[in-house]
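> This is the structure I have questions about; it appears just below.
See the structure below:
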C-alpha cells in the first residue's frame, strides 16, 4: 500500500496522507509479530513497548480518519488545517501510554510473541479511557 501511494503520487490530498500515515504505522505494528518471540528479558520489554506503541498509533489514526470522514459528511469541511497537530498528538501520546508499564518492575513480561502487563488491567483501562477523552477533546478544540 505504501509503495502504491508513493508510486501513483496519491499523497497529495489530506485523506490520502491520513491513509499513508495509517499504513506506515501498520507496517511498524506488524514487525514484532513477524520477528516472533525474543529470548532476552530486555528484548521482550523493548518488543512489548513497540507493540503497544504502534497498536495505539494505529488506533489513533483510525480515530482521526473516522472523525475526519464524519466531518466531511456532516459539514462538508475537513480537518486539513490541523494536520500537524494530529501528527503531534497521534505520534506523541502513545509514547507516554506505552511507557507507563516501565514504571513497574516487570511491567512488560513474557507471553510468547505478545506482551502482557502484570497486575495492570485497571490502569490500562484508565489509560484507554484517558486517550479516548483526549482525542475527543482534540477534535472538540479543532472544530
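Residue numbers (this note's numbering): 44 to 186. For every residue, glycine included, the Cβ atom is placed at its ideal position computed from N, Cα and C. Note that this is a predicted model, so its numbers are computed, not measured.
If you measure between the beta carbons of residue 97 and residue 124, is that distance less than 9 angstroms?
no
> In this structure, how does DSSP classify residue 156 when only helix, strand and coil are distinguished?
Residue confidence for residue 156 is low, a pLDDT of 47 falling below 50, so the modelled location carries little weight; the figure read from the coordinates is stated next. Here residue 156 sits in strand by DSSP.
> From residue 87 to residue 75, what does the alpha carbon distance come to, in whole angstroms?
10 angstroms
> With a CB to CB cut of under 8 angstroms and the five nearest residues on each side skipped, what residues in its chain are close to residue 65?
So the qualifying residues of the chain are 101, 104, 105 and 108.
> Looking at the structure shown, is residue 95 part of a helix, part of a strand, or coil, going by DSSP?
helix
> Starting from the Cα of residue 177, find the closest Cα among 55, 146 and 132 and give me that residue.
132
> Confirm, please, whether the CB-CB distance from residue 63 to residue 5 is below 9 angstroms.
The chain is shown only over 44 to 186; residue 5 falls outside these bounds and no answer can be derived.
> Let's test the definition: count the other Cβ atoms within 10 Å of the Cβ of residue 61 and tell me whether it reaches 16, buried, or not, exposed.
Result: buried.
> What separation, rounded to the nearest whole angstrom, lies between the Cα atoms of residue 85 and residue 67?
25 angstroms
> Which class does residue 121 belong to by DSSP, given the choice of helix, strand or coil?
coil
> What residue does the alpha helix (DSSP H) around residue 146 start on, and which one ends it?
Segment: none, residue 146 is in no alpha helix (DSSP H) and carries neither H nor E.
> What's the call for residue 144, buried or exposed, on a 16-neighbour Cβ count within 10 Å?
buried
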